[in-house]
Amino acid sequence: MFFHDSDFRHGVAPRKFSLEELAKVTNMFKGEKLGEGGFGAVYRGYLRDLDTHVTVKRISKASKQGIKEYASEVKIISRLRHKNLVKLIGWCHEKRELLLVYEFMANGSLDFHLFKGKSLLNWEVRCKIVQDLASALLYLHEEGDHCVLHRDIKASNIMLDSNFNAKLEDFGLARLVDHAKGSQTTRLAGTIGYMAPECISSGKVSKESDVYSFGIVALEIACGRRSIKPEYEESKASLVAWVWDSYGNQRLLDVADQKLCMEFDYKQIECLLIVGLWCVHPDPSSRPSIRQAIQVLNFEAPLPELPSSRPIPTYHAPNTSEVRPSEPCFSCLTITIPR
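Under UniProt numbering, the first residue of the sequence shown carries the number 1, and numbering increases by one thereafter.
Rendered as structure tokens:
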């Protein structure tokens with residue numbers, strides 16, 4: 001059942017756009033292109049009736065995975081309302097075209113500012129980004145009718161608005177699960193460097209695997225580098241291994257982003273680094289919930305005691321019978337947006 005435009009105007013649900021409308025919004029898809037990948041292209045547009053800039057994602061007709069993720073995105077994010085999630089404004093499924101319309105995030109991605117941009121994110125802004133991401137994850141895991149497993153939390157999926165408020169985007173891989181269950185076995189998906197060990201070895205995704213990805217982002221924010229740097233010397237190629245070694249050697253501040261020039265609160269960065277390590281513990285049962293992580297980050301609970309050396313992950317062979325692949329197609333694509 002689709003929503004009416006009147007629902008959208010009152011902020012109840014995403015709006016269905018016509019292809020003609022979105023062609024005009026993006027200057028016939030010849031306007032400013034914000035990015036492009038295997039899924040398709042992303043454009044900046046302007047909605048005159050709302051007097052606002054938007055981001056329009058055009059899914060490639062050749063991308064089977066993009067088609068599947070489009071359906072997942074519309075179904076799941078249509079249920080969600082939170083200040084730290086990028087808002088889905090509308091969608092279009094017409095003439096074999098699939099498009100998604102989001103609020104425009106003026107300052108781009110966290111990935112760009114941490115690893116590519118010339119502007120420096122100061123410590124105060126970094127702390128706020130961690131808080132915003134944690135708030136989004138708490139909402140997804142605990143505060144809705146269902147638990148939402150995002151499955152692809154990473155710096156490039158964390159967007160920054162004009163005031164550097166952080167918002168999580170891209171729910172194409174997300175899954176809804178019952179709160180009591182909290183996990184699901186599925187095909188391998190996600191981004192190397194952010195995926196928990198058990199996702200790679202068994203295909204199992206859970207709240208704990210999302211928390212692992214959160215921990216990687218927390219470490220990247222504190223250290224100002226990517227989780228994997230193969231060109232670095234062996235001891236520093238893995239961010240997790242490097243930070244854990246520094247923790248064990250009681251030299252944790254050595255890993256802080258040098259671009260900050262030591263202009264940070266020592267207690268805060270120590271806390272962020274230790275919570276980051278806690279979240280990326282190889283054993284899922286030893287990781288905190290996102291609520292527990294927030295309590296420590298807010299200094300409402302003591303720092304966890306971690307082993308001085310990184311524990312070795314235990315791998316299990318995946319049960320392929322539990323993996324449920326599917327091949328989407330335009331002819332069978334039906335989207336029902338929940339009320």
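Using N, Cα and C, we set each Cβ at its ideal position, and we do this for glycine too.
Reference Lys24, options Glu36, Val56 and Ala41, closest by Cα
Val56
Using a Cβ-based criterion (distance less than 8 Å to any ligand heavy atom), does Glu20 qualify as near the ligand FAD?
For the structure depicted, the ligand FAD is absent and the ligand set is empty, with no information on it obtainable.
Could you please give the first and the last residue of the uninterrupted alpha helix (DSSP H) stretch that includes Arg287?
Careful: Arg287 lies outside any alpha helix (DSSP H) and carries neither H nor E.
Bridge partners for Ser238 per DSSP, in chain order?
Ile228
Is there contact here, the segment 56-71 with the segment 83-98, by at least three beta-carbon pairs under 8 Å?
yes
CA-CA distance, Phe299 and Gly276?
15 Å
With a threshold of 6 Å on Cβ separation, who are the neighbours of Ala196 within its own chain once the five nearest residues in sequence on each side are excluded?
Ser209 and Tyr212
Within the segment 154-179, note down every full alpha helix (DSSP H) run reaching 4 residues or more, in order along the chain.
Those alpha helix (DSSP H) runs which fall completely within the segment 154-179 and span 4+ residues do not exist here.
Quick one, are the C-beta atoms of Ala301 and Leu273 less than 9 Å apart?
no
Minimum Cβ-Cβ distance from Phe112 to chain C less than 9 Å
Absence of chain C from the displayed structure is noted, only one protein chain being present.
How should Glu32 be labelled, buried or exposed, when 16 other C-beta atoms within 10 angstroms of its C-beta is the threshold for buried?
exposed
Got a sec, what are the start and stop residues for the beta strand (DSSP E) Tyr102 sits in?
Glu97 to Glu103
Please state whether DSSP places Tyr194 in a helix, a strand or coil.
coil
Using CA atoms only, rank isn't needed, just tell me which of Phe112, Leu149 and Glu220 is closest to Ser156.
Phe112
His53 lies in the beta strand (DSSP E); which residues open and close that run?
Judged by DSSP secondary structure, His53 falls within the beta strand (DSSP E) whose first and last residues are Thr52 to Ile59.
Alpha carbons only, please: which of Glu198, Gly215, Pro311 and Ala136 is nearest the one belonging to Ile77?
Ala136
Per-residue burial, Arg175 [other beta carbons within 10 Å of its own, 16 or more giving buried]:
It counts as buried.
Just verifying my parser: in three-state terms, what is the DSSP assignment at residue 340?
The structure shown does not extend to residue 340, since the chain is modelled only from 1 through 339, so no value can be given for it.
Taking its Cβ as the centre, do 16 or more other Cβ atoms sit within 10 Å of Met159, making it buried, or is it exposed?
That one is buried.
Taking the alpha-carbon positions, what's the Ile89 to Ala166 distance?
18 Å
Quick check: what's the CA-CA separation for Leu188 versus Glu169?
When rounded, the distance between both Cα atoms is 20 Å.
Residues that Leu110 bridges to, as DSSP identifies them:
For Leu110, which the question treats as bridged, DSSP gives no partner whatsoever.
State the Cα-Cα distance for the pair Asp51 and Asn27, rounded to the nearest angstrom.
Rounded to whole angstroms, Asp51 to Asn27 spans 16 Å at the Cα level.
In three-state DSSP terms, what is Leu188?
Looking at Leu188 - three-state DSSP - the assignment turns out to be coil, as it is neither helix nor strand.
Whole runs of the beta strand (DSSP E) within the segment 242-282, excluding any shorter than 3 residues
none
If you pair each beta-carbon of the segment 248-267 with each one of the segment 221-236, do three or more pairs fall below 8 Å?
yes
Please report how far the alpha carbon of Asp254 lies from the alpha carbon of Leu140, in whole angstroms.
34 Å
Does Lys68 pass the burial test, meaning 16 or more other C-beta atoms within 10 Å, or should it be called exposed?
buried
Go ahead and pull the three-state DSSP assignment for Arg15.
strand
Reference Phe17, options Leu85, Asp178 and Cys92, closest by Cα
Per the C-alpha coordinates, the member of Leu85, Asp178 and Cys92 positioned closest to Phe17 is Cys92.
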